[in-house]
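Chemist: One structure coming up, written as C-alpha cells, with questions to follow.
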Amino acid sequence: MSEIDHETARKVAKLSRIAVPESDLPGLANDLSRILTFMEELNEVDVEGVAPMTSVTPMRLTRRKDGVTDGDYQDKILSNAPDAREGFFAVPKVVE
C-alpha cells in the first residue's frame, strides 16, 4: 500500500496551486493514499486481449466528406459568439 505523508500532500497541493489549510493535510494525504492504492489494484487486473475503449457503448464517430468549401462563413459563425469584435471572437483576458 502506498502511503502519502503530510509533506508530500503539502507539496502536491502547492504544485496544484490549491490552498489547503494545515488542518486538512492529514485528510488530503489519506485521500491521495487511497487513490494510489486503488490504482495499484487496477494494475493487477489482467487485461490481456481486451481492446481499449473510448466509450462504454460501442459506436463509430460520424465522418464528413473531406471536401474544399468556399469558406466565407465568418458572419454566420460569429453570430453564435457571445462577444465578437472586428470579425473575431472576443474573450476575456486571462493572463496578467
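Numbering that gives the first Met the number 0 numbers the first residue of the sequence shown as 0 and each following residue consecutively. Note that the Cβ used here is the ideal one computed from N, Cα and C, for glycine as well. All figures in this text were calculated on a predicted structure; none of them were measured in a lab.
1. Output the distance between the C-alpha atoms of A8 and A80, rounded to the nearest integer angstrom.
2. So A89 is in the alpha helix (DSSP H); what residue range does that whole segment cover?
3. Helix, strand or coil for A18 per DSSP?
4. Looking at the structure shown, is A83 part of a helix, part of a strand, or coil, going by DSSP?
5. Enumerate in chain order the residues of its own chain whose CB-to-CB distance from F88 is below 8 Å, with the five nearest sequence positions on each side excluded.
Modeler: In short, the structure shows the following:
1. 41 Å
2. Here A89 belongs to no alpha helix (DSSP H), and DSSP marks it neither H nor E.
3. coil
4. strand
5. L77, A80, D82
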